[in-house]
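Residue numbers (the numbering used here), protein chains in the order written: chain A, -16 to 313; chain B, -16 to 313; chain C, -16 to 313; chain D, -16 to 313; chain E, -16 to 313; chain F, -16 to 313.
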């Protein structure tokens, strides 16, 4: 497999970081973080468009695409201090789900085995099944916790008669054993999904979840404290999956299944910062950005910043003894 | 009057609930909640488009239009546990206000007399005059309180020389005696309306109001506590009128007279949930959704969810002894 | 298979015509024209969204959805004079192409066998493979000509490694023998597709094609005269496939693969009118309308009018001895 | 009646021409052309928004708002060579049609009686009833021809039970006798309106009409030649009514009832130029521009240019012996 | 210099206040607040369009443009109680930065010297350099504090090789001495700018800054308390510069360099109200509104309300002994 | 000068052609066509945004960015048969016009001197001054004809007091002598610019021009025949400047100064094909594409196709004896 570049447009990397070719490990030896595009929306149950997510998340940003991003509050430049490279898109034909998912799983596994943290830019949420599977194959089957920001639990049994879709990845992961049910921590759930039988299945399998109603009452910080503790209850490697629809659709309209009443963007960025600072991150995806429904790239920018926030927190964490600048001043 | 269906488009019901024909009471006997479309924007003082509100509120939603909506946090399925039907639109020609308002008032009265809770999908705010009048004719003249979420008080004396318009319904209701001034509780007021003489009239008539500045300082929960207490100070049946512009226009751009600085969507949904849980609801409208100014249906979705939240809370309330699941976990 | 209604939204029919359930032939016995929704975009090579095409084509229109549409220039009311019904959508999961295409083929075959002319609302152009196959199974294998309006020949060998996609349906039809290569008449081709090997394949298989450059030089009327003659050269039943991207993307932006320099809308409507008036129509599809990229429903309206124009011309043709009113007045 | 200025926004004039106050005739004595805004959309049967038409038509344009517009092809500056003033908007509350129409009729009559050519910026097409009535009261009852560019005949009997609306003005004018049926010349009709009984009424009353099908076959120039001859068949003063939906909605999306397959913008501008050059113009309106459905102001600009083209042709006509520069060069 | 009016459109004033001509001081003698348009975007490093900011901020608003705006919560009508006039736009050609900035500086100085508070409507942030310079020339070089709401510090050394741009105005002000580094108080900073060397320069020059992370942790009220105290630490006249991108881009998309995770609109309006109530305001600008990227004018409305909130707070402050109505009710 | 890549976004080339670095001639030795981005909009008199034109023109297109584009009607693959490379953007700060224009002129000269045909992607029309100057410095001062598609003559004397802007480049070229007045051939002029004195200046300097009115009457083919003959009247090298606003703004809304009534896209593409086939092309630019005002990339696609059409015609011309396939079939 030679580097595809952009499946749906020009070949340019996330904010200008160097190119990598997964098929040529030498091209990215020593890389800390590997960006992988998953331009797939064949699993979306409603508005498609997430196939253009990787391109949009990579290309948006008003700053020069120069491979440098000094994080003001954390005092680190994640693209300079870590070795971040971009493997381009995996070819994922939205009309052929199973073949596409296999290709992505292999790509993620390659990254993990090569020692890089995979950061996958979706794509609809179907991709978390191969993403987390690929990570678990490297880290250890059932040895990863999954912190999952989303309006929806994505634990459906099937979707339009198919096992694969953006409403089912979490069930597939639990069924395969890649992730144990108890090691799921979901944050931001709300609205009118899933149906009762699915919710009961979740309870039987011990998933932990935090509704938006809980955030309304306790505040996001308290809920994130709990989520971190739950994720660390057993495994110590964490896979972080951020469905952009956890953010309120008034702020993030460019998504497929918008559910009103979500988190603020700043609550999400802060949560990512805190989680990555507290746990051992083994992989991450940012999914469900649908550019055709976006306006002025506001949703793409949130996803771009979510990726950067995670990488920045990673850099800050590695920088031993550094002053954490974002604490309020005395 | 035979069922009109959709005045401005196809005839399909709110999320797939059964059809009702107001002219044939047998078609909806035993119905708990009756959806009524009020596709009128002849009373808007600025951006029109609310005539397409009923269609948009009914049709939006990424979930199947199957007449089922299990509320995740409340643990009820309002469309399954209550008998909800949709009477379609009332014919309301925006260029002929008085005839349109009479037709709506009769429709709402029919619903109330038939034992169903009318949930009216506007339309501009002019429609609250016939809506609340129809309810008061059934419940008792002056025996209903009105909790009113809005950026604007809508208590003007006249509008472009006319008594009827979206800036005057509350004055008309008080003048007719359908609702007593003291029984008005307004939440979310802000901006630069009304003029001083109108505000003085409001004070003379004893209206209660909660500015956004109060929510900024005390928080929405405390203000809603007060609003509920005030609404229950006398009458025990409540009419709830939700002008979508109470939500910040950054989150709900699809409206006619957007005033920056409003409530968060999640604050509104929570307030509706708490109010319906605490009072006896006699009717409800959701108004001022203007699809031409919306983006990616985000505003329509808030209105759709506002209706569902109220019906869900109603279902939860009726379910005796049920655990209220949305409380934070111990 | 019970009637699905709308796969992605409310269940309402094309402009208010009666419902039909393909699984219950009695529900549409005697129907002349059967509308079938094909909400599939898993085969699109670029911008998705055509899954919402059926809904948009059915619901758009500023006139009442009353099952009546008197065609001004032709002097017929196609929805009143013909028996037109709407079978709703076929369930087509975009992530599972082969299963979806099989379901559509069976639906089209059912319509044809039931004596109704199938008019399929796409969906991306992948659907023409099952559409025309279903028709050919009824009319006769290799006994149908296909007049194909499109910017692209859609004769690719494969797409992202898959045999099925919106770039390959015409090849699949020729390979299976459902339609003979010589019986293909393509109108409106332009731009930078296909590659040379595919074009040579087309020439080897005897396809006829009319580039936009030919329309520029000879005018649309002369080209359509030729296209009709070529289509009638052998078979006498015609399948008409209208890819909305044959229209200039300035006029029809809501599509997946827009190629500048196309036909005017009025040229397309006139061509459809003339073709249907001149040949025996055995089926029709209108594809590649992608609502997320549309503006103010202009593209959906063209597709809606293309369907109506064909049905109107059919009605006018059946009305023996009628004055053809659209000729210029003496 | 003091000058209202802009009913829905700032008070600024058409491209910077001087202000006039209809109530103070001295403020516009000697004016050749008087712009009048008719911000009314209470009569639209579908998409509202035309209330913002006057503002959009006045304000759009990338050139300085300096009251000068040298027409390149005609070699005249209509705003400099004629005395053009802007009376601002008439207050027209869309929810109170009859009062609004009376106010507009008086405004138009005032302009005509004051010796100025009224150019009314709509507003929906309802306004042509008072517009042409006002002109006929001055020029002579039944002594005016009406050339009417439109996709629709607008000769309905009633609309949603009301006599007044954008589908009925031409019937009202004929019924009142203000304009004789034979003196109506309609250009651009197409689509699926009116129903048969209305079309028969048109034929009984002798209206002349030119379908788009005729323009397709004979070309716009030949049709306009006929339209001019028909309009001059009897009366010699002409009222010109331009419904922007005569232009193809792909080019002019910002309108209420878009019907695909219309004229090109350049065909409309050329037709206006030729008509005004050939007849005695007694009044003009440009209607049905709905800014909420426009994109990048393209529709508003067509309307702005339609007004300017008419005024320019008027100026060119008055300039005796001038070389008509827009003929092709030898 | 005669009054230009609107550089890019019609000449109409902020919400209908009287016109002023800077070149004719008699036209605005006794004015308290002078609105000045700065239609310049030649300094923007990414999305242009702020040249249309002044027009959009002036013209938006659903209320009549009648020069009256009674502030509901403060109980004052700022446009009635203060003398507010609008000087129109300064001619600022975006392709010729230095000439443009000089012209603006002179305009601001004229306003200040004439005794009016200048409220400048940008324009990109480049304009704060001439704005604050003009104010400092009147108030006293180095005698003004600058409270600066922004996602970005705008303290760059140069931009694309030029000293002038929207990333450098604060550096230029400090270098010239117009404002002392210690007298800068920045609120809302976040994201990935500036680079380290610029941040070190800021620290060397003693700027005070409050990151969004601080607002997340301490709340906006506490941070604004500190900002006011810091601004008053030395100078007692304050220049307030509001970059609209301090608001979260989900709420305010119409801007050039959107950085996710910002303030809520209501937090900004409240902060302006509190600051103006607490300090002596010497000038104000509202910048970086880019209408081409806005939706439904939501961003322009925030800017309009930010200006009104400041003027309202000014009026409330001058009204001695008035009850401050916006405090929560007892 | 090292290769800048994309001034405002990622560094990717026109449809995937190889990169070139103007400062390293070896990187593009033997190149036939060199793409140069001119991301400048400091000279636009109205809507900015053309700075994003180069990126949009390069990146749009639904086909793979693989450096291959087989032209269907011409039977050539311009990117395969010619050596086409992309030099990236020239750094052009829109706020510093003169420096920016100098840099562009040097880049164009370098390309010409290196033996490559420069194809410049604007940017606003200001850039034609340095573009054509650079070409003339190589080909011969006054030895180049300029065929200029545009709604506007762009021959103004100055703009907002500056010599440089998108309304003046043609005057600057004539004044400098780079292009002789008689060697200007303008096609598509219309509307209300220039003022009389500028038009007289044009006539004095012998410019040839073809109004849209001429195209309306004679057809585009006849006008282009004349334009070619006029361009070849003297010089035999031609510079082709395509302002996208020559196309009707209904089809090409994404531009700064839209003038209704323009050419059809297919007329423009055909004209480019015919001109390049008939003359010796020395350089070309495509300007005034403003992505913020575009919809669904339709305008960018026209510009992309205009560039490809020219390069394709060039390839077809070089292919001696080739059958010109786009002629109508016998």
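Virtual Cβ for every residue (Gly too), placed ideally from N, Cα, C.
Computed from a predicted structure; not experimentally measured.
Return the residue from the list the options that minimises the CA-CA distance to residue i.
i: residue -6 of chain E; options: D/9, D/50 and D/5; result: D/50
i: residue 294 of chain A; options: A/273, A/252 and A/275; result: A/252
i: residue 33 of chain C; options: C/141, C/282 and C/116; result: C/282
Please report whether the beta-carbon of residue i lies at a distance below 8 Å from any beta-carbon of chain E.
i: residue 276 of chain B; result: yes
i: residue 53 of chain A; result: yes
For residue i and chain A, any beta-carbon pair shorter than 8 Å?
i: residue 152 of chain E; result: no
i: residue 300 of chain C; result: no
i: residue 103 of chain B; result: no
Could you check what DSSP says for residue i in three-state terms: helix, strand or coil?
i: residue 30 of chain E; result: coil
i: residue 267 of chain E; result: strand
i: residue -14 of chain D; result: coil
i: residue 139 of chain C; result: coil
i: residue 185 of chain B; result: helix
i: residue 76 of chain E; result: coil
i: residue 312 of chain C; result: Note that residue 312 of chain C has pLDDT 40, beneath the 50 cutoff, so the model's placement of it is unreliable and the number below is only indicative. Of the three classes helix, strand and coil, the one that applies to residue 312 of chain C here is coil, per DSSP.
i: residue 226 of chain B; result: strand
i: residue 192 of chain B; result: strand
i: residue 105 of chain D; result: strand
Could you tell me whether the Cβ atoms of residue i and residue j are closer together than 8 Å?
i: residue 131 of chain F; j: residue 67 of chain F; result: no
i: residue 117 of chain C; j: residue 95 of chain C; result: yes
i: residue 23 of chain C; j: residue 93 of chain C; result: no
i: residue 261 of chain E; j: residue 211 of chain E; result: yes
By Cβ distance, which residues of its chain are closer than 8 Å to residue i, with the 5 residues on each side in sequence left out?
i: residue 47 of chain B; result: -1
i: residue 263 of chain F; result: 219, 220 and 221
Step through the CB atoms of chain F and report whether any lies within less than 8 Å of the CB of residue i.
i: residue 187 of chain C; result: no
i: residue 172 of chain C; result: yes
Residues in its own chain within less than 6 Å of residue i by CB, not counting five upstream and five downstream?
i: residue 149 of chain D; result: 26, 27, 107, 108 and 109
i: residue 248 of chain D; result: 230, 234 and 285
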